[in-house]
Structure formats: C-alpha cells, structure tokens
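All letters in the sequence shown, in the order written, are residues 0 to 213 by numbering that gives the first Met the number 0. Every residue gets a Cβ at the ideal spot worked out from N, C-alpha and C, and that includes glycine. One structure is given here, and the rest of the page talks about it.
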Amino acid sequence: MSDNSQTVDQGSISGEADESSKPVPPEVDLPRIEKAVREILIAVGEDPDREGLVETPARVSRMYAELFSGLHTDPRIHLKKYFTEKYDEMVLVRDISFNSMCEHHMLPFIGKAHIGYVPNGKVVGLSKLARVVEEVSHRPQVQERMTEEIADLLVSELDVKGVAVVIEASHSCMSIRGVRKPGSLCVTSAMKGLFRSNLSSRSEIMTLIYGGRH
Ligand SMILES: [Zn+2]
0 MSDNSQTVDQ GSISGEADES SKPVPPEVDL PRIEKAVREI LIAVGEDPDR
50 EGLVETPARV SRMYAELFSG LHTDPRIHLK KYFTEKYDEM VLVRDISFNS
100 MCEHHMLPFI GKAHIGYVPN GKVVGLSKLA RVVEEVSHRP QVQERMTEEI
150 ADLLVSELDV KGVAVVIEAS HSCMSIRGVR KPGSLCVTSA MKGLFRSNLS
200 SRSEIMTLIY GGRH
C-alpha cells in the first residue's frame, strides 16, 4: 500500500472531513478536555506523543463538544413554533434516530424514538419533534430520564391531551463491557394524559408504533 492511500484511509476513518461541521458552543472548554484526554492516555499506559495519538485529544474534545451540545440549548424553543389546528386525533412520528451518551459510562447508546400525541389545539411540525430528540439526547443521559423529559416537554409546551414516548436503544456499555450482551435492546416508555388513563388509546398508539414490525 502506498503512503498516499494510507493517508486517505486514515482520513475517512477518523472523519476529518466533517469535523468542523458543527460550531462549538462557547461554554465548552476544549483545551480542558484535551488535557483530560491526554491524562487518560497516560494513565492507561499509552504514549500520547506517538504519531497516531498526537491529534487525538483535540479530536476527542471537538467530538465531546458535539455529543454534549444539548447542554447549551433549550429544546422548548422548537415547540414554541406550533400552529393551531382543530385536529384532535393521534399524531405519531415513528423511528426518529438518535445517539446519546450514557452518563454512567460515557459510552454511546443508539436507537430510535417514537413520539405519539393527541393535540389540544397546538400542533408542531414533525421535524420539530426530531429536533427535540436531538437536543435532549446530546447530553449525558439515562434512557429512562430522556424518555420522561421528551414527554414532559410536550405536556408543558403544547398542553397535549396525551403523549406517548417510546424509546428503544442498544447500549454500548452493555455490549462491549460488563455483561457483554450485544444485540439486546432496552425499551422505555412514558405515557401521559389519556395514554396513561385510557387503555384503548394506549394500545392503539402501541399498535401504530409496532404495527407491521416484529
Ligand atoms: Zn452505561
């Protein structure tokens, strides 16, 4: 393999091309993260000055800035731009992909969120719900709390008659360490309003979420 092709390979694997795609929030202290990552490398017995690792602390610092960018945003903003509709049937947005970081291990958990709600006059654009998921997930998180947070946001901002949030995700901290159960899926749900009180509404939304899938 020539030197040239090696360079290209490294670039594509480490994702050099899109590293500057997101602005770093001013609150994030990149040099401090860099110092900490360098310390970790030393502590595990590595040489942070060897060629392959020289850029790693800086790269990881920018990555953390992106993965934790939701600490510096307010997801409620996306729900303020609602429109008024008489529609009072269920709205379901299924399969919103997300990635988050488990706050116990600082390892990613990756999955899909499904959000169903019955509006009470206020309806939001479907992409706004995806934005909410994105911002709530880009924080040190616990899947159970994330599920509740999304449901609570729809209750407080849209005054919905009911909301159902179901999240399914696989956790790296379960698949690559500890009990090592790759392929296992963690499913959490939060039901508020009529989805909590009304069994037929709840089973209807669950059928819509899981309909056609097994
Ligand atoms: Zn974990």
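*Should Asp-115 go down as buried or exposed, given a rule of 16 or more other Cβ atoms within 10 Å for buried?*
Counted from its first residue, the sequence shown places residue 115 at position 116. Contrary to the premise, residue 115 reads as Gly rather than Asp in this sequence. Classification for Gly-115: buried.
*asked:* Here's the rule: buried if 16 or more other CB atoms are within 10 angstroms of the residue's CB, otherwise exposed. What is Lys-34?
replied: Along the sequence shown, one-based indexing puts residue 34 at 35. Lys-34 comes out exposed.
_Glu-103 CB to nearest heavy atom of ligand 1 below 7 Å_ = What you label residue 103 is simply residue 104 of the sequence shown in a count that begins at 1. Going by the sequence as given, residue 103 is His instead of Glu. For ligand 1, at least one heavy atom lies less than 7 Å from the Cβ of His-103.
_Whole-angstrom distance between Ile-39 and Thr-206, CA atom to CA atom_ = For this step, residue 206 is matched to residue 207 along the sequence shown. For this step, residue 39 is matched to residue 40 along the sequence shown. Their Cα atoms are separated by approximately 47 Å.
_Going by C-alpha to C-alpha distance, which of Val-92, Arg-144, Val-117, Ala-64 sits closest to Lys-214?_
Outside the displayed range of the chain (0 to 213) lies residue 214, so it cannot be described from this structure.
*Per the contact definition of three or more C-beta pairs closer than 8 Å, is the region 179-191 in contact with the region 148-163?*
yes
*Can you tell which of Glu-54, Asp-48, Tyr-63, Ser-136 has the C-alpha that lies nearest to the C-alpha of Leu-29?*
The residue you call residue 29 lines up with position 30 of the sequence shown. Nearest option by C-alpha distance: Tyr-63.
*Would a C-beta distance cut-off of 8 Å place Gly-69 and Glu-134 closer than the cut-off?*
Against the sequence shown, residue 69 aligns to sequence position 70. Against the sequence shown, residue 134 aligns to sequence position 135. In contact: Gly-69 and Glu-134 (Cβ atoms closer than 8 Å).
*asked:* For ligand 1, I want to know if Arg-66 counts as a neighbour, meaning its beta carbon is within less than 7 Å of at least one of the ligand's heavy atoms.
replied: The residue given as residue 66 occupies position 67 in the sequence shown. First, the amino acid is wrong: residue 66 is Leu here, not Arg. No; taking the cut-off as 7 Å, the Cβ of Leu-66 has no heavy atom of ligand 1 nearer than that.
_I need the straight-line Cα distance from Val-7 to Ser-199, nearest angstrom please._
If you number the sequence shown from 1, residue 7 lands on position 8. If you number the sequence shown from 1, residue 199 lands on position 200. Confidence in Val-7 is poor, its pLDDT being 40 and thus under 50, which makes the residue's placement unreliable; the coordinate value appears in the next sentence. Going by the C-alpha atoms only, they are around 56 Å apart.
_Once the 5 residues before and after Val-59 are set aside, which same chain residues still bring their CB inside 8 Å of it?_
Locating residue 59 in the sequence shown gives position 60, counting from the first residue. Closer than 8 Å at the Cβ level, and outside the excluded window around Val-59, lie Ile-32, Glu-33, Val-36.
_Proximity of Leu-91 and Leu-157 at Cβ, strictly below 8 Å_ = As a working note, residue 91 is residue 92 in the sequence shown. As a working note, residue 157 is residue 158 in the sequence shown. In this structure, Leu-157 does not lie closer than 8 Å to Leu-91 by Cβ.
*State yes or no: is the C-beta of Cys-172 nearer than 7 Å to some heavy atom of ligand 1?*
The sequence position of residue 172 within the sequence shown is 173, counting from 1. Yes, the Cβ of Cys-172 comes within 7 Å of a heavy atom of ligand 1.
*asked:* Considering Cα atoms alone, identify which of His-170, Thr-187, Val-123 is closest to His-103.
replied: Walking along the sequence shown from the start, residue 103 turns up at place 104. Cα-wise, what sits closest to His-103 is His-170.
*Between which two residues does the alpha helix (DSSP H) carrying Pro-56 extend?*
Taking the first residue of the sequence shown as position 1, residue 56 is located at position 57. Segment 55-66, the alpha helix (DSSP H) holding Pro-56.
*Leaving out the 5 sequence neighbours to the left and right, which residues in its chain are closer than 7 Å to Ile-109 when beta-carbon positions are compared?*
As a working mapping, residue 109 is identified with position 110 in the sequence shown. Counting only Cβ-Cβ distances below 7 Å, and skipping sequence neighbours, we find Asn-98, Ala-168, Ser-169.
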